[in-house]
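Numbering (the working numbering), first residue to last: 67 to 563. Virtual Cβ for every residue (Gly too), placed ideally from N, Cα, C. If you're wondering where the values come from, they're calculated on a predicted model, not measured in any experiment. Report on the structure given below.
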């Protein structure tokens, strides 16, 4: 029998894509056994993802392209595995495994389990396929699968607010998808190919940028910003994340919005790279700073715990848009932004899962009345505090390393004494100021644990709902100690010089 280490990386990559689909199909076909299939499948998918990452790190030339059925582009469907894809797959596996184990204790009743697990496994499979897709049309297909599964998961709670939030999310998602698809049609009409690598080469070789390409870039970027809830196209996020079940909120905030941002970054590192000019970066960066401020202010005013966390996602996503102006100063600044996305996924996943435990124990998530439960459930308060440290950017967490990388990318513009020094100072101030605002709303979340009063543990909750948030919060801290391997992987990204 061949050892797993001897299996080619391309075979394991194809197996990861197929494995996610197989687990989702089995859970759909056998809904009564969906929880068992989902829990076992989650462990297997996470292990397979880890193996792919280890083999990728050990290859001297690890970037892998796989033509399904032996058909290469432009005729066939191509899977593309590079450093950026591996990091996103790893982020997805870690957060999804935690959400799956948490759901074992959180999702009650046979009917709820039959509904939740197939949808959740289809969402995970679609995310894996999205990160591995190598052409713009299959990215659209996988993006639609992600959106439809996410909308159905938001509606699972069944309350009027959940259904309303899901419908709003669906309409916004469809608008974003249509804008993206129109951009795909324009690009295909202009260049006659769909493969990302081939299209990037054709765009780069064209001495003039056609208007169709410019319009496609605008449509696709705007559509993806809408799906990623990047300000000013963020109006659907807080209601959807606040109304969804806790494991769904964690995945939406950690992974689904990050998937749309991944596509923005992938396109602007490759196909649209010749279009990158300082003006575009400045506009996107300004939106990012506005998101940092507005999302933080809303989090400071919200009265319900899950709403605070949802608005903090709007704020934290603002950091991602800073990739574009910072790349004008330091071309590799996008790596720090990707690291920040990973740190955010682990920390925000932990905070949302901890909030779900508190909500289940107390029967509500009104922050003013959560003090007794927080004081009685020290592990959950500790998990929220640990994950909050990463959101703020305190050492030695992953959030600290990510924000250090962003500052390191911005500082050459400050000390260089060039004409862009004022803008570089503005980006540095935004990064530091965003950390202070994060500290304010994180303190709001954990402060009731330190108020005087009698503790009250509330209703009993599963051990999964206590220990999984703790482990994910610890992972957000430990991420700060393993930053070098992740940055090395990102060095093997197509178009990401």
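Check: What is the DSSP secondary structure of residue 474, reduced to helix, strand or coil?
Finding: Reduced to three states, the DSSP call for residue 474 is helix.
Check: With DSSP run on the structure shown, which of helix, strand or coil describes residue 430?
Finding: Per DSSP, reduced to three states, the secondary structure at residue 430 is coil, with no helix or strand assignment.
Notebook entry, point to check: In three-state DSSP terms, what is residue 558?
Noted result: In this structure, residue 558 counts as coil in the three-state DSSP scheme.
Next item on the list: Over the uninterrupted beta strand (DSSP E) stretch that includes residue 144, give me the two end residues.
Entry: Here the beta strand (DSSP E) through residue 144 covers 144–147.
Margin query: For residue 130, list the residues DSSP reports as bridge partners.
Written below: For residue 130, the beta-bridge partners assigned by DSSP are 147.
Item checked: Which residues DSSP lists as bridging residue 370, in chain order -> Paired residue(s): 432.
Next item on the list: With DSSP as the reference, label residue 199 as helix, strand or coil.
Entry: Note: residue 199 maps to strand in three-state DSSP.
Check: In three-state DSSP terms, what is residue 485?
Finding: Here the model assigns residue 485 a pLDDT of 49, short of 50, so the residue's position is not dependable and the matter cannot be decided.
Notebook entry, point to check: Does the distance from the C-beta atom of residue 468 to that of residue 479 stay below 8 Å?
Noted result: No, Cβ-Cβ distance for residue 468 and residue 479 is not below 8 Å.
Item checked: Minimum length 4: unbroken alpha helix (DSSP H) runs contained in the segment 272–327 -> As far as the segment 272–327 is concerned, its whole alpha helix (DSSP H) runs of at least 4 residues are 277–293, 303–309, 312–317.
Item checked: Residues near residue 404 by beta carbon distance below 7 Å, same chain, minus five either side -> Closer than 7 Å at Cβ, skipping near neighbours: 150, 153, 556.
Checklist line | Outcome for residue 301 when other beta-carbon atoms lying within 10 angstroms are tallied against a minimum of 16 | finding: So residue 301 ends up on the exposed side.
Note to self: Tell me the rounded alpha-carbon separation between residue 247 and residue 212.
What the structure shows: Cα to Cα, the separation comes out at about 15 Å.
Next item on the list: Answer with buried or exposed for residue 162, where buried requires no fewer than 16 other C-beta atoms within 10 angstroms of its C-beta.
Entry: Counting Cβ neighbours within 10 Å, residue 162 comes out buried, since at least 16 surround it.
Check: Okay, do the segment 196–215 and the segment 106–116 touch, 3+ Cβ pairs below 8 Å being the bar?
Finding: With the cut-off at 8 Å, the segment 196–215 and the segment 106–116 do not touch.
Next item on the list: Have a look at 409, 374, 449, 385 and flag the residue whose alpha-carbon is nearest the alpha-carbon of residue 431.
Entry: Minimum Cα distance to residue 431 is reached at 374.
Note to self: Quick check: what's the CA-CA separation for residue 379 versus residue 267?
What the structure shows: Cα to Cα, residue 379 sits roughly 35 Å from residue 267.
Next item on the list: For residue 70, count neighbouring C-beta atoms within 10 Å of its own C-beta (all shown protein chains included) and say buried if the count is 16 or more, exposed if not.
Entry: Caution is warranted here: a pLDDT of 49 is assigned to residue 70, below 50, making its placement in the model unreliable, and no coordinate value can be reported.
Check: For residue 67, does the count of other Cβ atoms within 10 angstroms reach 16, so buried, or fall short, so exposed?
Finding: Here residue 67 scores only 42 on pLDDT, less than 50, and its place in the model is too uncertain to base an answer on.
Next item on the list: Counting only the same chain and skipping the five closest in sequence on each side, list residues whose C-beta sits under 8 Å from that of residue 485.
Entry: Only weak support exists for where residue 485 lies, its pLDDT of 49 falling under 50; the value from the coordinates is given anyway. Here the set comprises nothing.
Notebook entry, point to check: Can at least three beta-carbon pairs, one atom from the segment 197–210 and one from the segment 256–265, be found at a separation below 8 Å?
Noted result: In short, these stretches touch, since the Cβ pair count reaches three.
Next item on the list: May I ask you to verify whether the segment 321–335 touches the segment 433–453, counting CB pairs closer than 8 Å and requiring at least 3?
Entry: With the rule of 3 Cβ pairs closer than 8 Å, the segment 321–335 does not count as touching the segment 433–453.
Note to self: Which same chain residues end up closer than 6 Å to residue 93 when comparing Cβ atoms and leaving out the 5 residues on each side of it in sequence?
What the structure shows: Taken in chain order, the residues that qualify are 100, 103, 104, 183, 184, 187.
Check: Does the Cβ of residue 115 have 16 or more other Cβ atoms within 10 Å, making it buried, or fewer, making it exposed?
Finding: Here residue 115 is buried, its C-beta having at least 16 other C-beta atoms within 10 Å.
Checklist line | Same chain, Cβ closer than 6 Å to residue 317, five either side skipped, listed in chain order | finding: Cβ neighbours of residue 317 beyond the five flanking positions: 165.
Notebook entry, point to check: Where residue 232 and residue 205 are concerned, what is the direct C-alpha to C-alpha distance, given to the nearest angstrom?
Noted result: Computed Cα separation, rounded: 23 Å.
Next item on the list: State the start and end residues of the unbroken alpha helix (DSSP H) segment that holds residue 230.
Entry: Following the DSSP letters along the chain, one finds residue 230 inside the alpha helix (DSSP H) bounded by residues 226–257.
Item checked: Given 8 Å, three or more beta-carbon pairs between the segment 350–368 and the segment 500–508 -> Taking a cut-off of 8 Å on C-beta distances, the segment 350–368 touches the segment 500–508, as three or more cross pairs fall below it.
Next item on the list: Could you tell me the distance, in whole angstroms, from the CA atom of residue 475 to the CA atom of residue 173?
Entry: Distance from the CA of residue 475 to the CA of residue 173, rounded to the nearest whole angstrom, comes to 43 Å.
Next item on the list: Note down the Cα distance separating residue 393 from residue 400, rounded to an integer number of angstroms.
Entry: Each residue's Cα considered, the two are about 7 Å apart.
Checklist line | Limits of the unbroken alpha helix (DSSP H) element including residue 74 | finding: Taken as a continuous stretch (DSSP letters only), residue 74 belongs to no alpha helix (DSSP H), as it is neither H nor E.
Check: When you compare only the Cα positions, how much space is there between residue 455 and residue 461?
Finding: Here the alpha carbon of residue 455 sits roughly 8 Å from the alpha carbon of residue 461.
Notebook entry, point to check: Using the beta-carbon count (16 or more within 10 Å), is residue 134 buried or exposed?
Noted result: Under this definition residue 134 is an exposed residue.
Check: What are the uninterrupted segments assigned as alpha helix (DSSP H) that are 4 or more residues long and contained completely in the segment 326–412, given in chain order?
Finding: Within the segment 326–412, the complete alpha helix (DSSP H) runs of at least 4 residues are 344–367, 371–387, 389–395.
Checklist line | Rounded separation between residue 352 and residue 336 - CA only | finding: Roughly 23 Å between the two C-alpha positions.
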